[in-house]
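Visitor: Here it is: the structure, laid out below.
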Amino acid sequence: MSSAQSTLNFNSFFKGGKSMAQSQNAPQREIAIPWIEKYRPKTVGEITSQDEIVLFFKEVLVTGDLPNLMLYGPPGTGKTSSIIAMARDLFGSDQMHSRVLELNASDERGIQVIREKVKTFAQLTVSETSHMVTGKKLPPYKLIVLDEADNMTSSAQAALRRIMESSLSTTRFCLICNYITKIIDPIVSRCTSFYFKPLKVSECLGRLKYIQEKEDLDISEQNLEFLVRFSDGDLRRAIMYLQSCRYFKGEAITMDILSEICGVVPNSYFNKIIETLQNGSFADVCKLSQDFVASGYSITKLVNQILDFTLMSATITDVQKSDILLKLSNVDRILSDGADEFLQVISTLSHIFEVIHTQG
């Protein structure tokens with residue numbers, strides 16, 4: 014083959030491809046970031062709830078005096094976001110990698126992880142460094158954040174207690190959990206504990222409005238309140254629901270759309286359930302229970318909606334309400350243990366049917 018033919022074949026091979034210059038000039042696709050990360054507080058000053066804890070963190074930033082911490086409370090109330098924001102303010106973003114070790118104890122909850130990762134990091138000493146922004150000398154310790162610490166095994170907690178005792182001069186610990194009762198007493202007694210209470214409706218609503226404006230979503234304040242109500246004080250869940258609304262950008266987001274996003278029973282279907290319970294027969298209730306399970310809606314959501322309806326109803330007596338609420342609480346407990354959903358649906362609806370028609 015001649016050199017001219019080789020050159021021709023070589024050029025024809027790349028003829029259909031993009032040049033390097035074209036690739037570099039091509040528009041870059043925007044990286045999709047989950048909104049719970051995009052709008053996570055970056056500093057203590059951006060935390061809009063849990064006022065007592067914010068005041069404590071601000072004092073820590075002034076004095077540098079940080080005890081071992083235990084942050085506990087319901088999911089989505091800002092426990093992890095708060096401690097990470099405080100650490101970023103305390104150490105500076107450039108020192109986060111070397112000064113902060115964050116572990117999810119539900120994934121890495123065994124004694125081996127405590128002995129290897131945690132103990133090794135706790136024994137490391139830190140060099141004298143100044144804050145990149147303020148120029149202030151950094152405190153002489155590191156921070157280990159153990160998220161979901163209530164999932165740690167008892168042997169891992171015992172090993173952690175010994176490490177906390179031996180590394181106090183070089184390391185501070187922050188344990189984050191939903192249930193403080195699952196943490197052994199020797200660890201709890203070595204920590205300053207803070208309870209993160211469920212966020213108020215106004216606090217959740219304010220944050221959702223801020224995100225709505227930033228993302229240019231067409232959703233009314235009434236529908237935002239609906240998202241908050243079905244998030245049960247869990248701001249993380251509410252933000253995830255709101256992010257799902259972005260797929261309807263350019264059109265008004267209705268209550269039916271939100272019901273689908275949140276997985277709740279639509280008002281029309283829920284009204285049909287109430288109508289059957291009040292005016293139907295027992296056979297109708299059994300048929301409705303089968304249809305409900307086949308529809309794929311969550312019985313947990315249904316229980317919550319029946320709870321709200323019962324509390325607000327003017328036609329249900331106080332005696333009937335107490336009986337229904339007791340049944341709902343038992344069903345909620347049984348469902349958390351993994352009970353069959355169809356049996357619990359028919360048990361719940363038939364019980365309410367009986368209460369309405371025998372105690373009325």
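Counting in this note's numbering, the sequence shown runs from 14 upward without gaps.
Glycine is no exception: its CB is placed at the ideal position from the N, C-alpha and C atoms.
Computed from a predicted structure; not experimentally measured.
1) Once DSSP output is grouped into helix, strand and coil, what is the label at C217?
2) Quick check: the Cα distance between R112 and Q170, rounded to an integer number of angstroms?
3) Give a yes or no on whether the C-beta atoms belonging to F366 and V298 are separated by under 8 Å.
4) With a 10 Å radius around its C-beta and 16 neighbouring C-beta atoms as the bar for buried, classify F209 as buried or exposed.
5) If you follow the beta strand (DSSP E) that D160 is part of, which residue opens it and which one closes it?
6) Smallest Cα separation from N150: which of G77, C217, P54?
7) Do S94 and P47 count as a contact pair if the criterion is CB distance below 8 Å?
8) If the criterion is Cβ atoms closer than 8 Å, does the pair R250 and G89 meet it?
9) Do the CB positions of E216 and S326 come within less than 8 Å of each other?
10) Run through DSSP, which three-state label would S244 get?
11) If L341 sits next to I359, beta carbons under 8 Å apart, how far is it from one beta carbon to the other, in whole angstroms?
12) Rounded to whole angstroms, what is the Cα-Cα separation between S353 and T371?
13) Here's a check: name, in chain order, each residue in its chain whose Cβ is nearer than 7 Å to the Cβ of A265, leaving out the five neighbours to either side.
14) Can you give the Cα-Cα distance for G276 and A162, rounded to whole angstroms?
15) Helix, strand or coil: how does DSSP classify K149 here?
16) Going by alpha carbons, who is nearest to I10 out of V214, G351, L79, N164?
17) So, helix, strand or coil for I359, using DSSP?
18) Would you identify the three-state DSSP class for T194, choosing helix, strand or coil?
19) By Cβ distance, which residues of its chain are closer than 6 Å to I49, with the 5 residues on each side in sequence left out?
20) Would DSSP call C299 helix, strand or coil?
21) Drop a sphere of 10 angstroms on the beta-carbon of Q357, count the other beta-carbons inside from all chains shown, and report buried for 16 or more, exposed for fewer.
22) Using the rule of at least 16 other Cβ atoms within 10 Å of the residue's Cβ for burial, across every protein chain shown, is Y310 buried or exposed?
23) Since T205 is in the beta strand (DSSP E), which residue starts that stretch and which ends it?
24) For chain C, find out if any of its Cβ atoms is closer than 8 Å to the Cβ of L290; answer yes or no.
25) So what's Y52 in DSSP terms, helix, strand or just coil?
26) D160 and L116 look like a contact to me (Cβ under 8 Å); what is the Cβ gap, rounded to whole Å?
27) Between which residues of its own chain and I197 is the CB-CB distance below 8 Å, once the five residues before and five after are set aside?
28) Using C-beta distances below 7 Å, list every residue in its chain close to L271, excluding the 5 sequence neighbours before and after it, in chain order.
29) May I have the straight-line CA-CA distance separating I127 from I176, to the nearest angstrom?
30) Closest to T138 by C-alpha separation, out of P152, T147, N280, would be which residue?
31) Could you give the uninterrupted runs of the beta strand (DSSP E) lying entirely in the stretch 96-128, keeping only those of 3 residues or more?
32) For T184, which beta-bridge partners are listed by DSSP?
33) Please classify L84: does DSSP put it in a helix, a strand, or coil?
Guide: Once the coordinates are examined:
1) helix
2) 22 Å
3) Yes, Cβ-Cβ distance for F366 and V298 is below 8 Å.
4) Counting Cβ neighbours within 10 Å, F209 comes out buried, since at least 16 surround it.
5) 155-160
6) In the sequence as presented, Asn is not what sits at residue 150; that position holds Lys. When each option's Cα is compared against that of K150, the closest is G77.
7) no
8) yes
9) no
10) coil
11) Wrong, their Cβ atoms sit about 14 Å apart, outside the cutoff.
12) Note that residue 353 is Asp in the sequence shown here, rather than Ser. Looking at the two C-alpha atoms, the distance is approximately 27 Å.
13) D231
14) 29 Å
15) coil
16) Look at the range of the chain in this structure, 14 to 373, and you will see that residue 10 is not part of it.
17) helix
18) helix
19) R249, I252
20) helix
21) buried
22) buried
23) 205-208
24) Among the protein chains of the structure shown there is no chain C, as only one such chain exists.
25) Residue state for Y52 is assigned as coil, using DSSP reduced to three classes.
26) 7 Å
27) Setting aside the 5 residues that flank it on each side, I197 is surrounded in the same chain by S167, Q170, A171, R174, each with a C-beta closer than 8 Å to its C-beta; the list follows chain order.
28) N236, F239, L240
29) 9 Å
30) Checked all of P152, T147, N280; the closest Cα to T138 is P152.
31) For the stretch 96-128, the full-length beta strand (DSSP E) segments reaching 3 residues or more read 113-117 along the chain.
32) K155
33) strand
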